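Residue numbers (the working numbering): 1 to 156.
We put the beta carbon where it would ideally sit given N, CA and C, even for glycine.
No experiment lies behind these values; they were computed from the predicted model shown.
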Ligand code: FES
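As structure tokens, this is what we get:
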């Protein structure tokens, strides 16, 4: 199980300075690029460190305790895109091999079951049996220490 921490207790590093107000993302595209603190998440969990994901690659992560659905995260430089690991076609996990979520060039997220292809930036399915649907985006924030935070119930 992944490391858990509570930002209400100061999060990693225990920062105590006033936090900026975070902009609201559209509901469908909840990703907030490279914000520097998990402020605004009332109950967050640390997913990993950004450096745990090689640039241009993806990794899978377990969901919250008791959940059977995990998450996937794709790193692009200083940004990370996180989704619930469930194909909108029939609700199965996207990968058949650990951390194999991307096509060969690393341009798209691919479902290994029937080949649906999803944009990394917003999870929109551009081809396959669920074309026009989207992966469920998970709000992800990166703090000053490089820790990636997601809502505690993401994937529940
Ligand atoms: S289960 Fe993903 S494309 Fe069919």
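Sequence-distant Cβ neighbours of residue 115 in its own chain, meaning closer than 7 Å and more than five residues away, are 128. In this structure, residue 135 lies away from residue 112, with their beta-carbon atoms at least 8 Å apart.
Taking 8 Å as the cut-off, the Cβ atoms of residue 47 and residue 75 do not count as close.
Secondary structure at residue 47: strand, using DSSP grouped into helix, strand and coil.
Looking from the CA of residue 97, the closest CA among 143, 124, 60 and 144 belongs to 60. Residue 110 is bridged by DSSP to 117. Going by DSSP, residue 151 is part of the beta strand (DSSP E) stretching over 147-151. Annotation: the continuous beta strand (DSSP E) that includes residue 80 extends over 79-84. In terms of Cα proximity to residue 132, the closest of 138, 140, 139 and 123 is 123. Checking the 7 Å criterion, the Cβ of residue 60 is out of range of every heavy atom belonging to the ligand FES.
Runs of the beta strand (DSSP E) spanning 3 or more residues and lying entirely within the segment 122-147 occur at 125-127, in chain order.
The Cβ neighbour count for residue 77, taken over all protein chains shown within 10 Å, is under 16; the residue is labelled exposed.
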